[in-house]
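Trainee: Read in order, the letters of the sequence shown correspond to residues 27 to 621 in the numbering used here.
For glycine and all other residues, C-beta sits at the position ideal for the given N, C-alpha and C.
Since this is a predicted model, take the numbers as computed values, not measurements.
Handing you a structure now.
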Amino acid sequence: MTSRSFLRLALAGAVASGAVMLATLPADASKAPRTVPVRLLALNDFHGNLEPPTGSSGRMVDENGQTVDAGGAAYVAAHMKALADKNTIAVAQGDLIGATPLISAAYHDEPSVEFMGKLGLKVAAVGNHEFDEGYTELRRIMKGGCHPVDGCSPAGPWKGAKFDYVGANVLFKNRNEKTDALAALGGSDSAQVKQVLSDWGVPALPPVSIKWMNGVPIGFIGLVTQTTPNIVTAEGIKDLKFVDEVKAANVASKLLKLVGVKAQVVLMHEGDQVNAGQSPDACSAVPGAGNRIATQVDPEIDIVLSGHSHQAYLCKVKDPAGNDRVYSQGGSFGRVITQVDLNVNVKTRDIDRASVVADNHVVTRTVTPDPEISTFVQTWKDRVAPVANKPVGKITADITNTAAPSGESALGDLIADGQLAGTKTGGNAQIALMNPGGVRASLTYATSPANEGDGVVTYGEAFTVQPFNNLMQVVTLTGAQLKTVLEQQFTGGPNNQPFAKILQPSANFTYTYSRSAAWGSKVSDMKIDGVPVTDTQSIRVAANNFLVGGGDAFAGFKDGTDLWSGPLDIDAFVEQLGKDNPIAPPATNRITAVN
27 MTSRSFLRLA
37 LAGAVASGAV
47 MLATLPADAS
57 KAPRTVPVRL
67 LALNDFHGNL
77 EPPTGSSGRM
87 VDENGQTVDA
97 GGAAYVAAHM
107 KALADKNTIA
117 VAQGDLIGAT
127 PLISAAYHDE
137 PSVEFMGKLG
147 LKVAAVGNHE
157 FDEGYTELRR
167 IMKGGCHPVD
177 GCSPAGPWKG
187 AKFDYVGANV
197 LFKNRNEKTD
207 ALAALGGSDS
217 AQVKQVLSDW
227 GVPALPPVSI
237 KWMNGVPIGF
247 IGLVTQTTPN
257 IVTAEGIKDL
267 KFVDEVKAAN
277 VASKLLKLVG
287 VKAQVVLMHE
297 GDQVNAGQSP
307 DACSAVPGAG
317 NRIATQVDPE
327 IDIVLSGHSH
337 QAYLCKVKDP
347 AGNDRVYSQG
357 GSFGRVITQV
367 DLNVNVKTRD
377 IDRASVVADN
387 HVVTRTVTPD
397 PEISTFVQTW
407 KDRVAPVANK
417 PVGKITADIT
427 NTAAPSGESA
437 LGDLIADGQL
447 AGTKTGGNAQ
457 IALMNPGGVR
467 ASLTYATSPA
477 NEGDGVVTYG
487 EAFTVQPFNN
497 LMQVVTLTGA
507 QLKTVLEQQF
517 TGGPNNQPFA
527 KILQPSANFT
537 YTYSRSAAWG
547 SKVSDMKIDG
557 VPVTDTQSIR
567 VAANNFLVGG
577 GDAFAGFKDG
587 TDLWSGPLDI
597 DAFVEQLGKD
607 NPIAPPATNR
617 ITAVN
């Protein structure tokens, strides 16, 4: 078997995923210049922000330390055009879709993916939010076809993404696709091929994409955080596993080398936090999960572009051979474009590391927005306006998702109240718990640009708060199991909670936790309607299907019994907003935190 066939087989994954097709290497490379230039322009964590994001999500510290307005598709396009040259490959590091504003989410993010095609994007890693509606829906976004429930959007049949989605560490869990993969390439039973497939597993997505520029191939390896199963709904990825990023990247790198692709770039949906308030060009990343990958992947990999943490940083780290390697991220919501200029040696087809120069460009709004994209965004805005601008309730003041010292927020409490009300009938819910990470924005009293009036909450504003379309569910937990769930809010337990995540409780449920107590003994004095909870009593607990499936490391929910499914979380929230108008911010007094 030739090395090219070997790689084609190894990258095939499932037949449905499709193999990466490799072009023939140029025969006259020796006559080319010693090096050729390549420019990468990268985005990450766009999250469907076609319109300029608002509030803190629409501001960015620039290279001069000044906070400026940033982001918006028409401005992203204008900056991309200004930065692009004939040597440019546009790439992305995941979460282009999912947790998106209504303008995109109402049409299952087809508008955002279409925008990326118009932008000239060539390849993107999948992020965890690409799996928000499950693997099958991601495949539809990649390949085309109308939504199986909602049908075609106003734009007509979906034609699929114009760029490659890649994910080397996304594998099938139980399906036996190896026979199909072998059959697709002539039924070879080479021991070498079997060994590679055994080491790697069966890819559910194309692991790499190879793009040619100026006569040389550039290999892009896609990675997504291996914590994805903890942060997306379990049902949608039940057939998948997300393996260690370093191992997957190294296997992909070795396979690329087999066909002479030595210029290698990782597009990684994992990253680090930063020291706040620094320039996007500063190496302000605090070493964490992203740094581990960036410093441990194969020395053949030249550049690591990251995402997921929504931070902007520009670093040089050491690879396992002790050589410098660029490691960067560009914030989120289309506020930063990462530019990487490099030279590829024509003879060795490898990147000259000394030539690599990177820069994070803030997508300011001081430039003229791209007229074509402005029209494109307005078209989708007009299409969704009747839904987005519909009033659904009134408030007396801002109701924010800012956490009190106890960890609860006024808006989180309000959402939990709505979830309890929406699940009492049918689900017999007694309390409700809401994950804080699902409260994506605050409700503001001041009128929006739609001029609905001060204090009026529109459906679009409500959707911005609750954009996931999770299903409300109810399960039965014992008092002891409920206490375990609440203990799982804190670090130090067997569920490996990375940082404290305080669930937002409905008004009829109160408890106390101790900051200093050992894990397993933190939670006490649980009461429902003022009555103490016993270990043996059965409690009907409402939560969204993300939590019920064990999301956010709340594995205790999976011990629940007598599952009942009800309305969407957004519907329960909208119904709550329509009650007892105008609504005042709830007092954050349901949880008592002591030292």
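Return the residue from the list 528, 288, 521 that minimises the CA-CA distance to residue 438.
Mentor: Residue 438 has its Cα closest to that of 528, out of 528, 288, 521.
Trainee: CA-CA distance, residue 608 and residue 420?
Mentor: When rounded, the distance between both Cα atoms is 5 Å.
Trainee: Should the stretch 503-523 be regarded as contacting the stretch 559-572, the criterion being three or more beta carbon pairs within less than 8 Å?
Mentor: Output reads yes: the stretch 559-572 touches the stretch 503-523.
Trainee: Taking all protein chains shown into account, decide if residue 279 is buried (16 or more other Cβ within 10 angstroms of its Cβ) or exposed.
Mentor: Buried: at least 16 other Cβ atoms inside 10 Å.
Trainee: Considering only the alpha carbon of each residue, which of 354, 257, 264 lies closest to residue 119?
Mentor: When only C-alpha atoms are compared, the closest one is 354.
Trainee: Do you know whose CA, among 141, 60, 69, lies nearest residue 405's CA?
Mentor: Among 141, 60, 69, the Cα nearest to that of residue 405 is on 141.
Trainee: Starting from residue 145, follow the alpha helix (DSSP H) in both directions and report where the run begins and ends.
Mentor: Counting along the chain, the alpha helix (DSSP H) containing residue 145 begins and ends at 136-145.
Trainee: Just list the alpha helix (DSSP H) runs in the stretch 262-338, keeping only unbroken ones of 4 residues or longer that don't cross its boundaries, in chain order.
Mentor: Runs found: 271-284, 315-322.
Trainee: Can you tell me whether residue 65 is helix, strand or coil according to DSSP?
Mentor: In the structure shown, residue 65 sits in a strand (DSSP, three-state: E or B).
Trainee: I'd like to check one pair, residue 113 with residue 294: are the Cβ atoms closer than 8 Å?
Mentor: Going by C-beta atoms, residue 294 is not nearer than 8 Å to residue 113.
Trainee: For the stretch 350-369 against the stretch 382-392, do three or more pairs of beta-carbon atoms, one drawn from each stretch, fall closer than 8 Å, so that the two count as touching?
Mentor: Touching, per the Cβ criterion.
Trainee: Using the Cβ count rule (16 or more neighbours within 10 Å means buried), how would you classify residue 589?
Mentor: Under this definition residue 589 is an exposed residue.
Trainee: Between residue 200 and residue 268, is the Cβ-Cβ spacing less than 8 Å?
Mentor: Not in contact: residue 200 and residue 268 (Cβ atoms no closer than 8 Å).
Trainee: Taking the continuous alpha helix (DSSP H) assigned at residue 450, which residues delimit it?
Mentor: Counting along the chain, the alpha helix (DSSP H) containing residue 450 begins and ends at 436-453.
Trainee: Straight-line CA distance for residue 38 to residue 232?
Mentor: Unreliable positioning characterises residue 38 in this predicted model, as indicated by a pLDDT of 44, which lies under 50. The coordinate reading is nonetheless provided below. Residue 38 and residue 232: Cα-Cα distance of roughly 7 Å.
Trainee: What residues are listed by DSSP as bridge partners for residue 417?
Mentor: Bridge partners of residue 417: 484.
Trainee: So residue 487 packs on residue 469, CB below 8 Å; how close in whole Å?
Mentor: Yes, residue 487 and residue 469 are in contact; Cβ-Cβ is about 6 Å, under 8 Å.
Trainee: In three-state terms, what does DSSP make of residue 173?
Mentor: Residue 173 falls in the strand class under three-state DSSP.
Trainee: So what's residue 122 in DSSP terms, helix, strand or just coil?
Mentor: Residue 122 falls in the coil class under three-state DSSP.
Trainee: For the beta strand (DSSP E) containing residue 243, name the first residue and the last one.
Mentor: Counting along the chain, the beta strand (DSSP E) containing residue 243 begins and ends at 242-250.
Trainee: Using only the alpha-carbon positions, how far apart do residue 481 and residue 229 sit?
Mentor: Spanning the two alpha carbons is a distance of roughly 50 Å.
Trainee: In whole angstroms, what is the alpha-carbon distance linking residue 329 and residue 292?
Mentor: Approximately 6 Å between the Cα atoms of the pair.
Trainee: With 16 as the cutoff for other CB atoms within 10 Å, does residue 89 come out buried or exposed?
Mentor: Per the 10 Å Cβ criterion, exposed.
Trainee: Do the stretch 96-114 and the stretch 394-411 touch if we need at least three Cβ pairs shorter than 8 Å?
Mentor: The stretch 96-114 is in contact with the stretch 394-411.
Trainee: Given that a residue counts as buried once 16 or more other Cβ atoms are within 10 Å of its Cβ, and exposed if not, what is residue 525?
Mentor: The residue in question, residue 525, is exposed, as its Cβ has fewer than 16 Cβ neighbours within 10 Å.
Trainee: Look at the alpha carbon of residue 498 and the alpha carbon of residue 304, and state the distance between them as a whole number of angstroms.
Mentor: Looking at the two C-alpha atoms, the distance is approximately 40 Å.
Trainee: Quick one: grab the DSSP three-state call for residue 471.
Mentor: In the structure shown, residue 471 sits in coil (DSSP, three-state: anything other than H, G, I, E or B).
Trainee: Quick one: is residue 410 buried, meaning 16 or more other Cβ sit within 10 Å of its Cβ, or exposed?
Mentor: When all chains shown are included, residue 410 counts as buried.
Trainee: Are there three or more Cβ pairs, one per stretch, closer than 8 Å when the stretch 242-251 is compared with the stretch 141-158?
Mentor: Enough Cβ pairs lie closer than 8 Å, so yes.
Trainee: Identify whether residue 458 lies in helix, strand or coil by the three-state DSSP scheme.
Mentor: The answer is strand: DSSP assigns residue 458 an E or B state.
Trainee: With three or more beta-carbon pairs closer than 8 Å as the criterion, would you say the stretch 546-559 touches the stretch 431-450?
Mentor: Segments in contact, no.
Trainee: Residue 180 and residue 490: beta carbons closer than 8 Å?
Mentor: Result no, Cβ atoms of residue 180 and residue 490 do not sit closer than 8 Å.
Trainee: By the 10 Å Cβ neighbour count, where 16 or more other Cβ atoms means buried, how is residue 587 classified, buried or exposed?
Mentor: Exposed.
Trainee: Assuming contact is defined by CB atoms lying nearer than 8 Å, are residue 603 and residue 418 in contact in what I supplied?
Mentor: Cβ distance < 8 Å, so residue 603 and residue 418 count as in contact.
Trainee: Which residues mark the beginning and the end of the alpha helix (DSSP H) in which residue 257 is found?
Mentor: Looking at the DSSP string, the run of the alpha helix (DSSP H) that includes residue 257 is 254-257.
Trainee: Enumerate in chain order the residues of its own chain whose CB-to-CB distance from residue 530 is below 8 Å, with the five nearest sequence positions on each side excluded.
Mentor: For residue 530, where only same-chain residues beyond five positions count, the Cβ hits under 8 Å are 434, 435, 438, 439, 441, 442, 459, 460, 461, 462, 465.
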